[in-house]
Each structure stands twice: as C-alpha cells, then as structure tokens.
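Report on one structure; see the data block that follows.
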Amino acid sequence: VHMDPATHATLLGVCVKSGDLEAAEGWLRVGIAAGIKPSGVNFVELMNAAAEQGNLSMAEVFFEQGVAAGVRHKLVAYNILIKAASKTGHLEPAKHWFQKACADGMRPSLVTYTSLVTAAARAGDLPAAEGWFLKAQQAGLTLDIVIYTALIDAAARQGNLQTAEHWFEQAVSEGLHPTVVTFNTVISTAMKAADSGAADRWFKRCQSAGVKPNVKTFEILMSGTARSGDSIAVERWFQTANATGVKADAMMFNTLLGASVRAGNFEVARHWFDRALLDHVQL
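So for the sequence shown, the UniProt record's numbering puts the first residue at 1; every next one is plus one.
Structure below.
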C-alpha cells in the first residue's frame, strides 16, 4: 500500500485524537520505513498525547524517535516531557529533562518552571517547589498567576495554610489577579488544615474579588465539612451553590447523601437522593 506524507500525517492525527498511543507508534514506524520523514510538529503532537495520559515513557520514546529521524527538538518538546514527568508524582524525571534541555542549549521559559513547580508539588516537596519558583524569578521571567497557583498548590498538598496564604498575598501584591483555581487551591488548603473558618473567609474573599465560584469550589467546601462530620454545614454549602447559580454534580449529591447517612438522617438522605433524580443527576 502506497503511503504518502499527507495520509501518514492524517493517520497520526487520528491516533492522537483517539489517544491510541500504540497505534500512533505503529504508524510512525510504518511511515519512517516507507521513507516518510515526520515533522517536528508531528512528534510534538504525539508527545503531548502521551503527556496528557501521564505516559512519560511513551513521550520519551516519541522524543527519541524524533531525534533518530533528524528532528531538532525545540523547547516545547522538552516542556512536554517535563509536564509528563510532573504527572508521575516524582520530581527526578522532571529535573532530568530540565537539565537535558539546558545541556541542549534551550532557554527555559515560564512554562518550563511552572511545570517544575507542579512536579515538586505533586511529589510533596514544598521546599523544592519554592526553589524552582525562585529560579524562575532569578531568570528574569515575568511571573504569572499560573505559577503562583502551582506554588500555592504545593503548600495546599501539605495542608500548610500559612504558606499558601503568603504566596497568595505575594501574587496580589505583584498586581496579579487570582483566578477561581487560585481561590479553590487556598480553600482546599484551609480544609486540609481542618480550618473551616478560614475556608469560609476565603470563599467570601473570592466573591468580593468578583470571581465566580464553580462546581469545584463547592465540592471542596462540602467534602471538607463532611469529613468534619458537620452535615448541616454540608447542606448549607449546597444551598449556597444553588443560590449562586452553580448546578450540583454527582460528587456534591454523593457528599450530601454520605453526610446524611453518617449523621443517621436517613429521611434526609432519601430527600437528597430524590432531588438528584429530579435534577437529572446520575449517582
């Protein structure tokens, strides 16, 4: 069967969209064997598909296949590998690809450092996250709310509310505008620190800043209060979500049901089950 570059690119694109990495690698090999030279963009798309699945090893395979095909990878390829590495929950692979990028003459960007902060956060290493954040500052990059949010998340994962609040205030002092993700991260920190008062305070600050809470906001608030055994507070947050125009999802209803059952309020649990059915929410 004759294989032309356009057909080959189309087949790779279909594999990328479907997330079928094995098929993608197979067609990549078929194309190369047929004398077709995939572009750097093809390899970036394949690597990114692997990274989205958290499949670092496959992303690395595509990177090396690109090198073997004579592609001179740009920074975006290294950033994708660092992103994929960040999803492993281990910092070392991300550091390896950062060092490789630098050794290959790449100049790390804000995206690079943000992925490294994220990798450190997921590895549970707050000092390392702060270290990579500092390196981004020292590199003279203009920091954005995304890297601050990644750093706040590093504190959130440790339940370190004081540090999370510190970096939030630092971001604001730099003239940055926190997003709902930023506020959610601080609220999550408060809940992990078992400080419902702080969570309530940050929710109100979110509203006063003109940032609309989303489903995730209420999932965090409801699950946090449920863990503390306060079924009344869980219902209150549900009603607040309803009042602010946020449509409850399955997780919110399941939290209500669980809190009611644990409190021994089976009639209330039945009420929320019926409400979920009425709202066409599949539990």
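Even for Gly, the Cβ is constructed at its ideal location relative to N, Cα and C.
Give me the Cβ distance between residue i and residue j, rounded to the nearest whole Å; I'm assuming they're in contact under 8 Å.
i, j, result
"T179", "A156", "Actually they do not touch by this definition, with Cβ atoms about 15 Å apart."
"F43", "V61", "With 8 Å as the limit, F43 and V61 do not qualify as a contact, their Cβ atoms being about 10 Å apart."
"A94", "A119", "4 Å"
"P213", "V246", "6 Å"
"A150", "A121", "6 Å"
"G54", "K17", "At roughly 18 Å, the Cβ-Cβ gap does not stay under 8 Å, so G54 and K17 are not in contact."
"L21", "A50", "6 Å"
"S228", "A263", "Between A263 and S228 the Cβ distance is about 12 Å, and since that is not below 8 Å, they are no contact."
I'd like the list of long-range same chain contacts for residue i, defined as Cβ closer than 8 Å, with 5 residues on each side in sequence excluded.
i, result
"M252", "V215, F218, E219, M222, F238 and A241"
"F168", "Y148, I152, P178, T182 and V186"
"H97", "First, the residue type needs correcting, since residue 97 is Trp and not His in the sequence shown. So the list reads Y78, L81, I82 and A85, once near-sequence residues are dropped."
"R107", "L75"
"G19", "A49, E52 and Q53"
"T142", "L110"
"Q170", "Y148"
"C102", "P108"
"W202", "F183, V186, I187 and A190"
"V211", "P178, T179, V180 and F183"
"V172", "P178"
Tell me which same chain residues have a C-beta within less than 7 Å of the C-beta of residue i, skipping the five on either side of it?
i, result
"W272", "F253, L256, L257 and S260"
"N48", "I80"
"T244", "P213"
"V146", "T114"
"L91", "A119, A120, A123, D125 and A128"
"L161", "T189, A190, A193, D195 and A198"
"A250", "V281, Q282 and L283"
"K135", "Y113"
"N184", "K216, T217 and I220"
"G89", "R122 and A123"
"R270", "none"
"A69", "I32, K37 and P38"
When you compare each of the options to residue i by their alpha carbons, which one comes out closest?
i, options, result
"G124", "L143, D153 and Q99", "D153"
"E165", "A198, M47 and V14", "A198"
"K100", "G89, T88, H90 and L75", "L75"
"P38", "Q170, H73, T142 and V111", "H73"
"G66", "E267, C206, R201 and E45", "E45"
"A248", "R262, R227, G264 and L283", "L283"
"G40", "E64, E52 and L141", "E64"
"A6", "D200, D104, L28 and L21", "L28"
"G140", "A50, Y113, Q158 and L161", "Y113"
"V111", "C15, A103, F133 and A226", "F133"
"A33", "D4, L161, A171 and V146", "D4"
"A59", "Q158, A24 and V281", "A24"
"R236", "L278, D200 and E267", "D200"
"A226", "A209, S208 and S196", "S196"
"L116", "L277, G131, Q138 and A209", "G131"
Residues in the same chain with beta-carbon distance under 6 Å from residue i, minus the five sequence neighbours each way, listed in chain order, please.
i, result
"H8", "G31 and I36"
"G224", "M191"
"G159", "K192 and A193"
Could you pull the start and end residues of the alpha helix (DSSP H) that residue i belongs to?
i, result
"Q239", "S231 to A243"
"A119", "L110 to R122"
"P5", "P5 to S18"
"S173", "L161 to S173"
"T142", "Counting along the chain, T142 falls outside any alpha helix (DSSP H), and DSSP gives it neither H nor E."
"M252", "A250 to R262"
"M222", "V215 to R227"
"R29", "L21 to A33"
"V246", "Careful: V246 lies outside any alpha helix (DSSP H) and carries neither H nor E."
"L278", "F266 to L278"
*Sequence ranges, alpha helix (DSSP H) only - wholly within the stretch 47 to 90, length at least 4*: 56 to 68 and 75 to 86
*Identify every run of the alpha helix (DSSP H) within the UniProt repeat "PPR" (179 to 213), keeping only runs that are complete inside it and at least 4 residues long; order them along the chain.*
180 to 192 and 196 to 208
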